[in-house]
Each structure stands twice: as structure tokens, then as C-alpha cells.
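Under the UniProt record's numbering, the sequence shown has 132 at position 132, and the numbering climbs by one with no breaks. The beta-carbon is built from N, C-alpha and C at its ideal position, and this holds for glycine as well. Structure, as C-alpha cells:
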Amino acid sequence: MSASSSGRTAAFVAAQAEAHDASIVGATDDALTVELRLRRASGRRKTYRLTIDTRGLEPRVREAESEHLPRFCPNRHLSDDGWFCLNYSEEDPHPVHDTESATAFWGRLLKYLTLQETTTVLRRWPSTHDWAHGLAAGAQARAERAAAALGSAFSVALDRRRLKAVHQKGSPFILLLDGQRRLCSLWVDLRRVATLRQLCLCDSGRALACCGDHADQAAALTLALMDWERQEQRFWEYAKDRPCCGQLDVCPLKPSETQNPTDELAEAA
Ligand SMILES: [Zn+2]
Ligand SMILES: [Zn+2]
Numbered sequence: 001m002s003a004s005s006s007g008r009t010a011a012f013v014a015a016q017a018e019a020h021d022a023s024i025v026g027a028t029d030d031a032l033t034v035e036l037r038l039r040r041a042s043g044r045r046k047t048y049r050l051t052i053d054t055r056g057l058e059p060r061v062r063e064a065e066s067e068h069l070p071r072f073c074p075n076r077h078l079s080d081d082g083w084f085c086l087n088y089s090e091e092d093p094h095p096v097h098d099t100e101s102a103t104a105f106w107g108r109l110l111k112y113l114t115l116q117e118t119t120t121v122l123r124r125w126p127s128t129h130d131w132a133h134g135l136a137a138g139a140q141a142r143a144e145r146a147a148a149a150l151g152s153a154f155s156v157a158l159d160r161r162r163l164k165a166v167h168q169k170g171s172p173f174i175l176l177l178d179g180q181r182r183l184c185s186l187w188v189d190l191r192r193v194a195t196l197r198q199l200c201l202c203d204s205g206r207a208l209a210c211c212g213d214h215a216d217q218a219a220a221l222t223l224a225l226m227d228w229e230r231q232e233q234r235f236w237e238y239a240k241d242r243p244c245c246g247q248l249d250v251c252p253l254k255p256s257e258t259q260n261p262t263d264e265l266a267e268a269a
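Shown next as C-alpha cells:
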């Protein structure tokens, strides 16, 4: 990234800081240091000292020092070295290149920190809407788009984690399930719905073959769900030797004997 585009990103971010309860307290060619006074539900303020890396078109943010947040916690959506996962930058980048995109950036950052504050209190990520980890986030975004194209019932089913893609080893088919109910099957090799004469998943009463792009969307949804699962597994495999920050009640990185919070309380007593 050239110095000039980095400078532009930084300038747009800096110009919107004060409007979002933040002050620029330091700047280099690569990064801004910011003091952000996060308003809490109680009305009190909590100061976060943040580093905003402006080398890319999409700013990256972390605490300047680990003060309120750990340096790594998958379930808090803190990636390596404490960088915040503000969105799915692989699939859905949010470059900052003008006032409007800078305002949106600050909005995402404030929302993210508010979620972190609630997480500290609840000891779990508060959003009912799960965020996938690592590269799985891209697959989640694709699944969401395909589900939305098939209708709101699919978005709801996806949000509630009812939709699953199942492939039994050796089978030529991948099944798309809603709970226990089979919605359709895909040819593994062709990555296409196997039975186009079946009724469309969207309840239009039409055959899947004649219901707009729904056959393609059903296939895209199934493949995205498969990929999501695979990437989540890969992510946890990669993260498994990392220490748990110990701040959440449920974390796959926790040693299993301390997974139950009541055990911890008993130990602490
Ligand atoms: Zn349809
Ligand atoms: Zn953690």
C-alpha cells in the first residue's frame, strides 16, 4: 500500500474521531493512537487506548496495550496479537476512503467494543447471531447470502443453526438438512442439486428447476455450510495449543476440567 493511500485512510479516520468520542493522541506513517471514551449503559465512560493500523485501505484496530481485553480469544473475536475482528474482511471488505466510510468504521468499532463490554459481564459473546471464526467467516457470509435469496425462513433457520450440510464418507451426495428434515441433495462431483424436479425449497409450489435461481442458491447454501464447518474445524485445530484467556465460561481452548463454571466457583471457594 503506498504511503499516500495510507495517509488518506488515516486522515479520513482521524477526521471522524471526535464525533465518535475518540481523540487522536499519536500518529506515525503507519498508525494512529487513539483514546476512545466508550459510553457504558450505566452512563459511565471507559477509556480504551487503541492502535489503528492505517496501512491498508481497511484500518485494523487493537488495544495499544492489553488493558481491558486479552491478546487472543477466538470466542471474543480477538485474533492473533489482539487485532479486532470487526467484519469479514475476506468476503466483505470495508475500505475507508471517504467521510461516509470513515463514519461507518467508527460505528462498527463502537459497536464491537460495546459487545466486548457485555461479554466481560456475561462471560460469553452476547450476540445471538454467531460470528464464525477465521476463514469460516467468509463461508458464513456466503451461506447468509444464499439463505436470504431463498427467503426469510431460510435466514431464520440459518441463524438458529438448524441448517446443516451432511456428507457421509463415500456417498455421491451431500444432503442439506433443516433439523432432521431433508431439503435437497447435491451431487458431490457436480456441486449441483441432484433432483431438479423436486418442489422448490421456498414453498413456491414450483419445481426447483423452474424457480428462478433457487437451484443454484440451494447448491451455494449447501456448499457454504460444508465449507463453514470445515473452516471452523481447521481454525480450532490451529488454535488448540493456544492458551485460553480464562474470561469466558465456554471456550474450546479451556482445559476440560475447568469448562464447568460451577467447578471453578467451588475451586475458588
Ligand atoms: Zn423457489
Ligand atoms: Zn478466551
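query, result
"Could you name the residues of the same chain whose beta carbon sits closer than 6 Å to that of Q259, not counting the 5 residues immediately before and after it, in chain order?", "Because Q259 carries a pLDDT of 44, less than 50, the predicted location of this residue cannot be relied on, and the following value inherits that uncertainty. No residues qualify anywhere along the chain."
"Does the beta-carbon of E232 have 16 or more other beta-carbons within 10 angstroms, so that it is buried, or is it exposed?", "buried"
"For L183, collect the residues of the same chain with a Cβ closer than 6 Å to its Cβ; drop the 5 residues on either side in sequence, then sort them by chain order.", "L176, L201"
"For T142, which residues from the same chain have a beta carbon less than 6 Å from its beta carbon, with the 5 sequence-adjacent residues on both sides left out?", "The identity of residue 142 in the sequence shown is Arg, whereas the question assumes Thr. These residues qualify, in order along the chain: A224."
"May I have a chain-ordered list of the alpha helix (DSSP H) segments no shorter than 4 residues that lie completely inside the region 75-124?", "99-122"
"Cβ atoms of A215 and L150: under 8 Å apart, would you say?", "no"
"For Q180 and P252, what's the separation of their Cα atoms in angstroms?", "26 Å"
"Evaluate the contact criterion for the region 41-51 versus the region 90-105: three or more CB pairs, one atom per stretch, below 8 Å.", "no"
"Around the Cβ of E237, are there at least 16 other Cβ atoms within 10 angstroms (buried) or fewer (exposed)?", "exposed"
"Grouping DSSP H, G and I as helix and E and B as strand, with all else coil, what is W131?", "coil"
"Alpha carbon to alpha carbon, how far is G7 from V25?", "16 Å"
"So, with DSSP's three-state summary, where would you put T222?", "helix"
"What are the boundary residues of the alpha helix (DSSP H) that includes G138?", "136-150"
"If Q16 sits next to T103, beta carbons under 8 Å apart, how far is it from one beta carbon to the other, in whole angstroms?", "5 Å"
"Going by DSSP, what residue range makes up the beta strand (DSSP E) through R55?", "That residue, R55, is in no beta strand (DSSP E); it is neither H nor E in DSSP."
"CB-CB under 8 Å to R192, same chain, minus the five flanking residues each way: which ones, in chain order?", "L186, A215, A219"
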